[in-house]
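**Student:** If you scroll down you'll find the structure; I have some questions about it.
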Amino acid sequence: MRVFNLAKWIWLHNENRKDEYGEFFTSLLIERKPTLCRLSCDGDYTLFINGAFVASNQYGDFEHYKIYDEIEIGEYLQEGENEIYILVWHFGEDTQRYINAQAGVIFELEQDGKIILASNEKVLCRKNQAYKNGYCKKITGQLGYSFLYDARKENLGGFVSATVVEKDCAFFKRPTGKLELLPEKEIKRLKNEGNYYLIDLGEETVGLPVLEFTSLSEQKILVAWGEDLQGDHVRRLIDGRDFSFEYIAKKGDNKYTNYMLRLGCRYMELYAEQPIELTYMGLIPQIYPVKEKLFQAGEDFDQKIYDVCVKTLKLSMMEHYVDTPWREQCLYAFDSRNQMLCGYYAFENGNAEYARANLLLMSKDKRDDGLLAITYPCGMDLTIPSFSLYYFIAVKEYIEHI
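Numbering (the numbering used here), first residue to last: 4 to 405.
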């Protein structure tokens, strides 16, 4: 079926700026019953309905292979007026996970087979003031930007009518399921010094960062994350890489969740200018829904090795397979080929839908030299020629196993 026939791409303005956050708001009178929301953006998004978090995370894609999410939102609706709020993070700079394109968001709501809401210039918008726009603090060349969030500037600025922007996209429904969110990860406080905290999540975890604390003053806080400790500290700065984000606290209670920047780590470290009372710092784990095949090794140690391997494989499943949950989160042809081979045996039905989606995404890459890019989607002019050949081997193996 065709989608977005009545919807338009919209943004804050006609310019294409780096590291920019836009808010989009609309409301409508509808009944509380099954309703589909279709949504796509350039960059990433977080969808709220009536103040409740609903969904986030745009599937990495291309303009000629533009993925939209189709989300059942009936449970978030109420009888009468309903408020739809979308936060969109436009990256605006090429990385190994993103190809820079015109900023924009497009969405529609369908109820009883009819489109009851479609994005257009009547949607209200404003630049989000809490996030530091144009900050461009880079984590790595693969991951892209980190962020600075100023809690003192929440809900600032008036709304204006959105600007219709031009984007030429071919739409496709998300080929895999959405990642599932689990309860906040239990933590152990290794260090608790008032203005310095070191947190252990107990194991490598992939998820969304959460901060909850009380501050007696306005102050800047820095949070670093990593997989291991050196000298009892997280390795934050590594050869030009910076695994940290910043948060400016308001006076009093602070609670913050970032639904768009996914972290892979075991340890988190917090530095504050003044002492704070920390309630929680950790992650909301995100997992891709798979069902493991039963496997029983002959020896306990062999079973432990197998279980660790499957856990590692699952940690590397985001919108697609990734090479590292911590440092890059990129889809490589050779790395994912090995992951697919493992998945054919570790998961029910060989995890076929997920493997096929990975191969399909890689096939959409376009380079003038006929080779595949180093990762997908990739905005950098990089390639590993042999990986292009391994792609064909991966397709052959998919056919053989599925």
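For glycine and all other residues, C-beta sits at the position ideal for the given N, C-alpha and C.
1) Tell me the residue span of the beta strand (DSSP E) that contains asparagine 85.
2) In the DSSP output, which residue or residues are listed as bridge partners for tyrosine 199?
3) For arginine 2, does the count of other Cβ atoms within 10 angstroms reach 16, so buried, or fall short, so exposed?
4) Three or more beta-carbon pairs under 8 Å between the region 12 to 23 and the region 167 to 181, yes or no?
5) Please list the terminal residues of the continuous beta strand (DSSP E) segment that includes tyrosine 283.
6) Within its chain, find whatever has a CB closer than 7 Å to the CB of leucine 211; leave out the 5 residues flanking it on each side and keep chain order.
7) Let me confirm a value: aspartate 235 is counted as buried when at least 16 other C-beta atoms fall within 10 Å, else exposed. Which label applies?
8) For glutamate 26, list the residues DSSP reports as bridge partners.
9) In this structure, how does DSSP classify asparagine 257 when only helix, strand and coil are distinguished?
10) Who are the near neighbours of isoleucine 109 in its chain, counting only those whose CB is closer than 6 Å to its CB and skipping five residues on each side?
11) Have a look at lysine 36 and glutamine 277 and give me their C-alpha separation to the nearest angstrom.
12) On the DSSP bridge list, what partners appear for phenylalanine 65?
13) Take alanine 397 and list the residues in its own chain whose beta-carbon comes closer than 8 Å to its own, dropping the five residues that flank it on each side.
14) Might you give, ordered along the chain, the residues of its own chain that have their beta carbon closer than 6 Å to the beta carbon of glycine 373, omitting 5 neighbours on each side?
15) Evaluate serine 389 with the Cβ neighbour count: other Cβ atoms within 10 Å of its Cβ, from every protein chain shown; 16 or more gives buried, anything less gives exposed.
16) Between the region 176 to 185 and the region 44 to 54, do at least 3 Cβ pairs fall closer than 8 Å?
17) Just verifying my parser: in three-state terms, what is the DSSP assignment at glycine 267?
18) Going by alpha carbons, who is nearest to leucine 318 out of Tyr379, Ile279, Ala355, Cys268?
19) Would you kindly report the start and end of the unbroken alpha helix (DSSP H) that includes threonine 315?
20) Touching or not, the region 129 to 147 and the region 238 to 254, by the rule of three or more beta carbon pairs under 8 Å?
21) List the residues that DSSP assigns as beta-bridge partners of phenylalanine 110.
22) State whether the region 319 to 336 contacts the region 375 to 383, with contact taken as three or more CB pairs (one from each stretch) at a distance under 8 Å.
23) Where does glutamate 18 fall in DSSP's three states?
24) Going along the chain, which residues of its own chain have a beta-carbon closer than 7 Å to the beta-carbon of isoleucine 70, five neighbours each way excluded?
25) In whole angstroms, what is the alpha-carbon distance linking serine 391 and leucine 334?
26) Can you tell me whether DSSP reads glutamate 169 as helix, strand or coil?
27) Give the C-beta separation of lysine 191 and aspartate 203 to the nearest angstrom, bearing in mind that I take them to be a contact with Cβ-Cβ under 8 Å.
**Tutor:** Looking at the atomic coordinates:
1) For asparagine 85, the enclosing beta strand (DSSP E) covers residues 83 to 93.
2) For tyrosine 199, which the question treats as bridged, DSSP gives the partners Tyr274.
3) Nothing can be reported for residue 2: it is not among the residues displayed for the chain, which extend from 4 to 405.
4) The count of Cβ pairs closer than 8 Å, one atom from the region 12 to 23 and one from the region 167 to 181, reaches three, so the stretches are in contact.
5) Per DSSP, tyrosine 283 belongs to the beta strand (DSSP E) from 279 to 290.
6) Apart from sequence neighbours up to five positions away, the residues of its chain that approach leucine 211 with a beta-carbon distance below 7 Å are Thr260, Asn261, Tyr262, Arg265, Leu286, Ile287, Gln289, ordered along the chain.
7) Of the other Cβ atoms in all chains shown, fewer than 16 fall within 10 Å of the Cβ of aspartate 235; this residue is therefore exposed.
8) Note: glutamate 26 is bridge-paired with Leu90, Arg129 in the DSSP secondary-structure output.
9) Strand at asparagine 257.
10) If the five residues before and after isoleucine 109 are omitted, its C-beta is found closer than 6 Å to the C-beta atoms of Phe7, Ala10, Trp12, Ser43, Ser122, all from its own chain and listed in chain order.
11) Cα to Cα, the separation comes out at about 48 Å.
12) Bridge partners of phenylalanine 65: Tyr68.
13) Annotation for alanine 397: Ala336, Ser339, Arg340, Met343, Leu362 place their beta carbon closer than 8 Å to its own, counting only its chain and skipping 5 residues before and after.
14) Here glycine 373 has no same chain residue with a Cβ atom under 6 Å from its own Cβ, once five neighbours each way along the sequence are excluded.
15) Result: exposed.
16) A contact is defined here as three or more CB-CB pairs under 8 Å, and the region 176 to 185 fails this definition with respect to the region 44 to 54.
17) It is a strand residue.
18) Among Tyr379, Ile279, Ala355, Cys268, the Cα nearest to that of leucine 318 belongs to Cys268.
19) Element bounds for threonine 315: 303 to 318.
20) Segments in contact, yes.
21) Partner(s): Leu42.
22) Cβ pair count under 8 Å is three or more, so yes.
23) In this structure, glutamate 18 counts as coil in the three-state DSSP scheme.
24) Excluding sequence neighbours, isoleucine 70 sits near Ser43, Tyr62, Asp64, Phe175, Arg177.
25) Distance from the CA atom of serine 391 to the CA atom of leucine 334, rounded to whole angstroms, is 13 Å.
26) The answer is coil: DSSP assigns glutamate 169 none of H, G, I, E or B.
27) The C-beta distance from lysine 191 to aspartate 203 rounds to 4 Å, short enough to meet the 8 Å contact threshold.
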